[in-house]
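Let me begin by presenting the structure, written as structure tokens, before commenting on it.
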Amino acid sequence: DAKTTQPPSMDCAEGRAANLPCNHSTISGNEYVYWYRQIHSQGPQYIIHGLKNNETNEMASLIITEDRKSSTLILPHATLRDTAVYYCIVRGPPTQGGSEKLVFGKGTKLTVNP
Amino acid sequence: NAGVTQTPKFRVLKTGQSMTLLCAQDMNHEYMYWYRQDPGMGLRLIHYSVGEGTTAKGEVPDGYNVSRLKKQNFLLGLESAAPSQTSVYFCASSAWRPGEKLFFGSGTQLSVL
Numbered sequence: 318d319a320k321t322t323q324p325p326s327m328d329c330a331e332g333r334a335a336n337l338p339c340n341h342s343t344i345s346g347n348e349y350v351y352w353y354r355q356i357h358s359q360g361p362q363y364i365i366h367g368l369k370n371n372e373t374n375e376m377a378s379l380i381i382t383e384d385r386k387s388s389t390l391i392l393p394h395a396t397l398r399d400t401a402v403y404y405c406i407v408r409g410p411p412t413q414g415g416s417e418k419l420v421f422g423k424g425t426k427l428t429v430n431p
Numbered sequence: 060n061a062g063v064t065q066t067p068k069f070r071v072l073k074t075g076q077s078m079t080l081l082c083a084q085d086m087n088h089e090y091m092y093w094y095r096q097d098p099g100m101g102l103r104l105i106h107y108s109v110g111e112g113t114t115a116k117g118e119v120p121d122g123y124n125v126s127r128l129k130k131q132n133f134l135l136g137l138e139s140a141a142p143s144q145t146s147v148y149f150c151a152s153s154a155w156r157p158g159e160k161l162f163f164g165s166g167t168q169l170s171v172l
């Protein structure tokens with residue numbers, strides 16, 4: 318089973334910020350939070366990841382709560398091309414029974430409306 | 060740098076036929092994964108490998124076999140295809156270091172009639 322829970326769908330107006338939440342209440346201290354997205358039936362595309370601190374790159378920002386039990390992916394200015402399914406997963410280091418068995422949940426279908 | 064390459068991109072099989080899907084990566088990654096995705100559904104893990112010569116079962120392994128004889132290749136086999144195996148298959152790979160990201164192939168559309 319996936320170690321994360323996400324809302325099944327969200328809507329956002331074009332040009333506005335899209336905030337996608339993810340709960341990972343059983344996350345371990347050495348597990349990273351990753352976000353991917355999938356447009357149509359293409360292969361999933363990496364967006365961003367983080368461990369404890371908030372992260373930002375050219376695509377998005379990742380806000381991780383202090384207790385690390387949840388996170389939010391922020392697309393600052395959503396465009397129509399951001400319409401996709403967004404997946405949040407957790408992944409630990411490869412040793413000590415880390416999360417080699419990478420399980421994706423059903424993700425959040427984000428629809429950006431004109 | 061090709062990344063992760065899946066072969067073939069499309070295939071149509073008749074029930075009972077066999078086939079092998081090839082995933083090749085040129086990034087010297089230790090970890091490789093096979094997922095399937097049915098229409099409107101998320102990704103489901105079939106099998107994975109943490110290194111050459113090793114494989115392990117994922118969420119939905121039944122009806123599939125895998126092999127990792129070379130580090131760069133991960134093969135997914137269907138010995139006797141069934142219509143329920145009609146799906147899009149994605150391969151992914153990753154280095155083993157903490158914080159490394161997963162690289163995905165472009166997928167194989169398989170139809171079993």
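Residue numbers (the working numbering), protein chains in the order written: chain A, 318 to 431; chain B, 60 to 172. Where a beta carbon is used, it is the ideal one built from N, C-alpha and C, also for glycine.
P361 of chain A places its beta carbon 9 Å or farther from that of S378 of chain A. Sequence-distant partners of A154 of chain B (beyond 5 residues in either direction) whose C-beta falls short of 6 Å from its own C-beta, in its chain, are H88. In the structure shown, Q362 of chain A adopts extended strand secondary structure according to DSSP, grouped into three states. Distance from M327 of chain A to L390 of chain A at the Cβ level is roughly 11 Å; contact not present, criterion being Cβ atoms closer than 8 Å.
Excluding five sequence positions before and after R333 of chain A, the CB atoms of its chain that fall closer than 8 Å to its own CB belong to H394 and A395, given in chain order.
Secondary structure at Q131 of chain B: coil, using DSSP grouped into helix, strand and coil. Pairing M78 of chain B with C150 of chain B gives a Cβ-Cβ distance that is not under 9 Å.
The Cβ of G424 of chain A sits closer than 9 Å to at least one Cβ of chain B. Looking at B:P157, B:L172, B:R103 and B:R127, the one whose alpha-carbon comes closest to that of T113 of chain B is B:R127. When Cβ-Cβ separations below 9 Å define contact, P361 of chain A makes contact with chain B.
Our two residues, Y349 of chain A and F69 of chain B, have alpha carbons roughly 34 Å apart in a direct line.
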